[in-house]
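Colleague: Its first residue numbered 705, the sequence shown is counted upward by one per residue in the numbering used here.
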Amino acid sequence: MEHRSSVFHTMVNKKIPTVARAQGMYLYDTDGKEYLDCAAGIAVVNIGHNVPEVIDALAEQSKAVSFVYGGTFTSEARERLAQRIIDMSPEGMSRVFFCSGGSEAIESVIKIARQYHIERGRPQKYKVISRWQSYHGNTIATLSVGGRPSWRQRYSPYLLDVPHIPACNCFRCPYHLDYPTCNIVCACELERVVKYEDPSTVSAFLLEPVIGTTSAATAPPKEYLPIIREICDRYDILLCADEVITGFGRTGLNFAVDHYGVKPDLVGIAKGMASGYMSAGGVIVHQKVVEAVENGSGELGHSFTYSGNPLMCAVSDAVLKYLVENKLVERSAKMGQYFLNKLKTLEELPWVGQARGIGLLLGVEFVADKASLAPMENKTQFASRVAKYCFENGVMITSGVPGCVDGIVGESVQIAPPFIIEEKHVDIVVETLREGITIIGKQL
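1. If you draw a straight line from the alpha carbon of residue 705 to that of residue 719, how long is it in whole angstroms?
2. For residue 949, tell me which candidate among 997, 971 and 1138 has the shortest Cα-Cα distance.
3. With H, G and I counted as helix, E and B as strand and the rest as coil, what does DSSP make of residue 972?
4. Runs of 3 residues minimum, wholly inside the segment 795 to 853: which ones carry the beta strand (DSSP E) assignment?
5. Between the alpha carbons of residue 983 and residue 885, how many angstroms are there, rounded?
6. So, helix, strand or coil for residue 1144, using DSSP?
7. With which residues is residue 944 paired in a DSSP beta bridge?
8. Roughly how many angstroms lie between the CA atoms of residue 758 and residue 781, to the nearest whole one?
9. Does residue 1153 come out as helix, strand or coil in the three-state DSSP assignment?
10. Is residue 727 helix, strand or coil when you go by DSSP?
11. Would the beta-carbon of residue 673 fall within 7 Å of that of residue 851?
12. The beta strand (DSSP E) that contains residue 979, what's its start and end?
13. If you measure between the beta carbons of residue 906 and residue 932, is that distance less than 7 Å?
14. Here's the rule: buried if 16 or more other CB atoms are within 10 angstroms of the residue's CB, otherwise exposed. What is residue 821?
15. Apart from the five residues on each side of it in sequence, which residues of its chain come closer than 6 Å, Cβ to Cβ, to residue 1048?
16. Can you confirm whether the segment 796 to 811 touches the segment 959 to 978 when touching is taken to mean that 3 or more C-beta pairs between the two stretches lie within less than 8 Å?
17. Rounded to whole angstroms, what is the Cα-Cα separation between residue 896 and residue 930?
18. What are the start and end residues of the beta strand (DSSP E) that includes residue 1050?
19. Who are the Cβ neighbours of residue 1074 in its own chain at under 6 Å, not counting the five residues just before and after it?
20. Is residue 818 closer than 7 Å to residue 868 when the C-beta atoms are compared?
21. Alpha carbon to alpha carbon, what distance is there between residue 717 and residue 1072?
22. Counting pairs of Cβ atoms below 8 Å between the segment 1030 to 1041 and the segment 1087 to 1098, do you hit three or more?
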């Protein structure tokens, strides 16, 4: 009788291989098959697999102390990591709250924003505005602020009432306008919704500076975030950046907001912070938010059991130290440009609408008709079939969530490799993608 797993897998009928080990850019299953990892989990393993310096840091901290509750003790690892993150962060950020992952980080962003306004005597400010085509986590609150319809539908009875505005996507402009004559109306939409909701009730605006898997690496034009920042300042709204995917070099700078010269008030972080060596997350907090709590109640009314535990902090500190010392953020920018140039050659195929991205957060969107750019229907499962072809041929990429065009239709794949990727790896990935797209396209 075939052994049945006791794991409640997300795809309950899918047979998946068992990983045995990993090294650098590669994963190996228990049958000995090699996989070139251009998914990095889902944009997690920024520094590559099995880095000795990180493994050593984990072992050394384990020998000393693995866990204490953060409200009882701090640790050298926690203090060191917080300072390292602040040193990498935009000007004005001064403290870091730690948690265990991206969903916890964004829940924390929402709660810290709420407390900021309470401390300043404005408890009526509680609403969070976010965007469609976004992903902010998988808890009820983070699904509520998220804008991925296919993931929200099952849980709609539980979701909070959160206003959303359209995402910025010049390739698929929701207003059917062209940049730059559009006057960045997608950013100006925020002010209109703030007024409808009553500015005195709006606490925060939350966005991914560059949209990840939901829209396959969609970056806004240079004017977008400065306009958003100005609107937030005008109405006393905190600008909150979800950098769970983009933080710590994924876009070729420390943070995606750095490309736009914008300083946020709260930044949610996770993924690349520990590069998958531990579960890690946090919120980087601007000094004005810290001062509001210090001058008010003096207590942040929020914590988690595993917040800032020494083991997570020691591992994350070793990861970020390795990232900086080996200039991997700069490498992300350089290799990202090489990778994007190679992916652009796929646009000659009749099923590819656009190859796009920034740094090593890259995406390919598929189309049903090249001339009209009519989106690929989800029923084709084009992206998942292309990703499956690549996987079977030893290359790992991420099949985008169906609906990359408007939340309902559209097929895409995301490519987000470790920063240690080399040109020879890029060439393998692009050639495998070309083969897969062509084969699946002809089948259709």
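C-beta: ideal position from N, C-alpha, C; glycine also.
Modeller: In short, the structure shows the following:
1. With a pLDDT of only 43 at residue 705, under the threshold of 50, the placement of this residue in the model should not be trusted; the figure read from the coordinates follows. Cα to Cα, the separation comes out at about 16 Å.
2. Looking at the Cα atoms, 971 is the closest of the given residues.
3. strand
4. If we require 3 residues or more, the beta strand (DSSP E) runs fully inside the segment 795 to 853 come out as 797 to 803 and 831 to 835.
5. So the alpha carbons of these two residues sit roughly 44 Å apart.
6. In this structure, residue 1144 counts as helix in the three-state DSSP scheme.
7. 910 and 970
8. 13 Å
9. No answer is possible for residue 1153: the residues shown for the chain start at 705 and end at 1148.
10. strand
11. For residue 673 there is no data in the structure shown, the boundaries of the chain being 705 and 1148.
12. Careful: residue 979 lies outside any beta strand (DSSP E) and carries neither H nor E.
13. no
14. buried
15. These residues qualify, in order along the chain: 1059.
16. yes
17. 17 Å
18. No beta strand (DSSP E) holds residue 1050; DSSP gives it neither H nor E.
19. 1054
20. Between residue 868 and residue 818, the CB-CB gap reaches or exceeds 7 Å.
21. 29 Å
22. no
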